[in-house]
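So the number in the numbering used here is just where the residue sits in the sequence shown, counting from 1, plus 82. Here's the structure, in structure tokens; my notes come after.
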Amino acid sequence: MAAIIEKNRLFFHRWRPANETYLFLFRKHEQGQNAKEIPMFDPLIAEQDKKIEAARQALFAGQPKN
């Protein structure tokens, strides 16, 4: 499902930014101000989680629970 793939892509970029050294480590004095963008992924990931949950509920609606 596309929502799962998109969520995984966003999560990957949230937790493994391409320029981690410049954002958080020994070179953060150069571009550390850009680190504020990393938490901006959280609402996007939460939105994808809601889409995934809605799709799951639609898929299993009417199914007996085990």
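Ideal placement from N, C-alpha and C gives every residue a C-beta, glycine not left out. For clarity, every value in this text was computed on a predicted model and none was experimentally measured.
On the DSSP letters alone, give me the boundaries of the alpha helix (DSSP H) that GLN145 sits inside.
Residue mapping note: residue 145 aligns to position 63 of the sequence shown, counting from 1. Where GLN145 is concerned, there is no enclosing alpha helix (DSSP H), given that its DSSP letter is neither H nor E.
Answer with buried or exposed for GLN130, where buried requires no fewer than 16 other C-beta atoms within 10 angstroms of its C-beta.
On the sequence shown, position 48 is the one that residue 130 refers to. By the neighbour-count rule (16 or more Cβ atoms within 10 Å), GLN130 is buried.
Where the alpha helix (DSSP H) containing PRO152 begins and where it ends:
No information on residue 152 is available, as it lies outside the stretch 83 to 148 that the chain covers here.
CA-to-CA distance, ALA140 to ALA85, given in whole angstroms:
As a first step, residue 85 is located in the sequence shown; it is residue number 3 there, counting from the start. As a first step, residue 140 is located in the sequence shown; it is residue number 58 there, counting from the start. In a straight line, the C-alpha of ALA85 is about 14 Å away from that of ALA140.
Let's see if you can read the secondary structure: which residues bound the alpha helix (DSSP H) around LYS89?
Residue numbering aside, residue 89 sits at position 7 when the sequence shown is read from its first letter. Counting along the chain, the alpha helix (DSSP H) containing LYS89 begins and ends at 84-97.
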